[in-house]
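Here the structure comes first, spelled out in structure tokens, and everything after it is commentary.
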Amino acid sequence: MKQQRPVTAAVSAAEPIERDHFEPKPIQPRATTAATARRQPITVPIMGEGIRSAKVVALLKKPGDGIELDDALCEVETDKAVYPIESSFAGTMGQWKVEVGATVEIGQELGTILVEGGRQERTVEAAVSAAESVESGRHARSYTIEPALSPTITRKLSRVIPANLQIDARWDAIRKAREAAKKKNGRNAASPSVMIAWAVVRAMEKHAPFRRLILEDETIVENENFDLGIAVAIEGDRLATAVVTEANRKSWNEFAEVYRKTVDETRSGRVDAMNAPVVISSLGAFGVRAAAPIVVPPSVGTLFIGSAHREMLRNGKQNETAEVITLSLTFDHRVVNGAGAANFAHEIKEQIEEFMIPVEETRAAKS
Numbered sequence: 006m007k008q009q010r011p012v013t014a015a016v017s018a019a020e021p022i023e024r025d026h027f028e029p030k031p032i033q034p035r036a037t038t039a040a041t042a043r044r045q046p047i048t049v050p051i052m053g054e055g056i057r058s059a060k061v062v063a064l065l066k067k068p069g070d071g072i073e074l075d076d077a078l079c080e081v082e083t084d085k086a087v088y089p090i091e092s093s094f095a096g097t098m099g100q101w102k103v104e105v106g107a108t109v110e111i112g113q114e115l116g117t118i119l120v121e122g123g124r125q126e127r128t129v130e131a132a133v134s135a136a137e138s139v140e141s142g143r144h145a146r147s148y149t150i151e152p153a154l155s156p157t158i159t160r161k162l163s164r165v166i167p168a169n170l171q172i173d174a175r176w177d178a179i180r181k182a183r184e185a186a187k188k189k190n191g192r193n194a195a196s197p198s199v200m201i202a203w204a205v206v207r208a209m210e211k212h213a214p215f216r217r218l219i220l221e222d223e224t225i226v227e228n229e230n231f232d233l234g235i236a237v238a239i240e241g242d243r244l245a246t247a248v249v250t251e252a253n254r255k256s257w258n259e260f261a262e263v264y265r266k267t268v269d270e271t272r273s274g275r276v277d278a279m280n281a282p283v284v285i286s287s288l289g290a291f292g293v294r295a296a297a298p299i300v301v302p303p304s305v306g307t308l309f310i311g312s313a314h315r316e317m318l319r320n321g322k323q324n325e326t327a328e329v330i331t332l333s334l335t336f337d338h339r340v341v342n343g344a345g346a347a348n349f350a351h352e353i354k355e356q357i358e359e360f361m362i363p364v365e366e367t368r369a370a371k372s
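This is the structure:
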């Protein structure tokens, strides 16, 4: 008999769950309906090394069933085991998009969970009004707000052993490449973010530890071809991750176009299966020079890119001021040691400082 191993569903954390709780007059909970809910997709998570697909053997929830955190939603079978896929959210089961017996791929959407949140603002106003009418002079007490990080991410973070290092990289080459691209391609010129992402991919090709993923069962796998993640800020102070799949196999023009398209679609609500060994993050638009980002499995590293600024640098026997960016790399010590992470950071630095748009591909690439 095949063993069962629980796997947390890869449910999007793009939108937080919202709950209302008011006093002194209790507000009775409402059933989550399509009119009042946000849809959170249920996708097939990574289940082990080399596993690319699975067979659906049971659908444990019916449309309309109530769902609690960590409830088993369905079961999928691989050559190794039967995996219960568990929920990362509380809510109501929506529609299934697959049937028992179907073969599904890693990252494929299986169905949806309806999460309360569509009428939060009106519920808040109504509850406050009711409380004030019952006891004049008293104010409604505070109500609960969902945390910035989803329960799934919080559980994954509890197993990470994080470490961080920082290094400065000269900005001259990127600035020159950007100016040359703008003269040639105008508004369609590749952005500095695309150029840095390209440099990171080239560094990942040379440093195998940063092509690794750490799976749900803590198995560590290393891939020749790999994705790249880009942290994207979306409405409501929330974060999502855009994923450039098989980033190392794309030409410069393909990479720049897919980068732009994927980031735009993620801002519009697209949710991708996150299998990127490294995620790039930046708050440069806010003038943030450095930060220590978190790293969330299955990724093994998160690279924060600071805003360009001037620093005093040693140049031979003399000091000089130069425009630099700070590269801040947080890595999971379960997968990579300090020396390996430092070598990787130095490789990114070199790739950035020597960056040139590939000569053989100079067609327009949108920023």
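At position 200 of the sequence shown the residue is numbered 205 (the numbering used here), and the sequence of numbers has no breaks.
We put the CB at the ideal spot given by N, CA and C, even for glycine.
Beta-ladder partner(s) of residue i, from DSSP
i: Met98; result: Ile118
i: Gly71; result: Thr97
i: His351; result: Answer is none; His351 lacks a bridge partner.
i: Gly306; result: Val283 and Phe336
i: Met317; result: Thr326
i: Ser196; result: Answer is none; Ser196 lacks a bridge partner.
i: Ala245; result: Val237
i: Asn169; result: Thr335
i: Arg217; result: Glu227
i: Val61; result: Val81
i: Ala174; result: Ile330
i: Ile47; result: Gly116
i: Thr108; result: Lys60
Within 7 Å, strictly: CB atoms of residue i and residue j
i: Ser256; j: Ala281; result: no
i: Lys3; j: Glu114; result: Residue 3 falls outside the range modelled here, since the chain spans only 6 to 372, and no answer is possible.
i: Val340; j: Ile219; result: yes
i: Ile353; j: Val109; result: no
i: Val284; j: Thr307; result: yes
i: Ser312; j: Gly292; result: yes
i: Ile179; j: Ala350; result: no
i: Ala194; j: Ala186; result: yes
i: Pro302; j: Lys161; result: yes
i: Ala297; j: Asn169; result: yes
i: Gly345; j: Pro197; result: no
i: Glu227; j: Arg243; result: no
i: Leu233; j: Ala252; result: yes
i: Ala295; j: Thr335; result: no
i: Gln100; j: Pro152; result: no
i: Tyr264; j: Val329; result: no
i: Val62; j: Ala107; result: no
Neighbour-count burial assignment, residue i, 16 or more Cβ in a 10 Å radius
i: Arg35; result: The predicted model places Arg35 with a pLDDT of 46, which falls under 50 and marks its position as unreliable, so this point remains unresolved.
i: Ile166; result: exposed
i: Thr326; result: exposed
i: Ala15; result: At Ala15 the pLDDT is 43, less than 50, meaning the model places this residue with poor confidence; the figure from the coordinates comes in the next sentence. Ala15 is buried by the Cβ-count criterion.
i: Lys181; result: exposed
i: Thr224; result: exposed
i: Pro31; result: For Pro31, the predicted structure reports a pLDDT of 42, less than 50, and the residue's modelled location is therefore unreliable. A value from the coordinates is still provided. With fewer than 16 other Cβ atoms within 10 Å, it is exposed.
i: Glu91; result: buried
i: Ser333; result: buried
i: Ala174; result: buried
i: Met98; result: buried
i: Glu359; result: exposed
i: Lys66; result: buried
i: Met317; result: exposed
i: Pro50; result: buried
i: Val364; result: exposed
i: Ser155; result: buried
i: Ser286; result: buried
i: Asp337; result: buried
i: His26; result: Any reading at His26 must be qualified, since the residue scores a pLDDT of 38, below 50, and its modelled position is unreliable; no value is offered.
i: Met361; result: exposed
i: Ala290; result: exposed
i: Gly96; result: buried
i: Lys7; result: Its pLDDT being 49, under 50, Lys7 is placed unreliably in this model, and the value from its coordinates should be taken loosely. Classification for Lys7: exposed.
i: Gly321; result: exposed
i: Gly241; result: exposed
i: Glu130; result: Only weak support is given to the placement of Glu130: the predicted model assigns it a pLDDT of 43, under 50, and the question is left unresolved by the model.
i: Gly71; result: exposed
i: Arg319; result: exposed
i: Arg315; result: exposed
Inter-residue CB distance, residue i and residue j (contact presumed, cutoff 8 Å)
i: Phe94; j: Ile118; result: 5 Å
i: Leu74; j: Val105; result: Incorrect: roughly 25 Å between the Cβ atoms, too far for contact.
i: Gln356; j: Arg254; result: In fact, because the Cβ distance is near 18 Å, the residues do not count as touching under 8 Å.
i: Pro89; j: Glu82; result: Actually they do not touch by this definition, with Cβ atoms about 11 Å apart.
i: Thr271; j: Val300; result: Actually they are not in contact, since the Cβ atoms of Thr271 and Val300 sit about 19 Å apart, beyond 8 Å.
i: Asn342; j: His212; result: Asn342 to His212, Cβ: 12 Å. No contact.
- [ ] Decide if the segment 269-279 is in contact with the segment 240-248; the criterion is three or more beta carbon pairs, one per stretch, under 8 Å apart.
- [x] Flag = yes, the segment 269-279 and the segment 240-248 touch.
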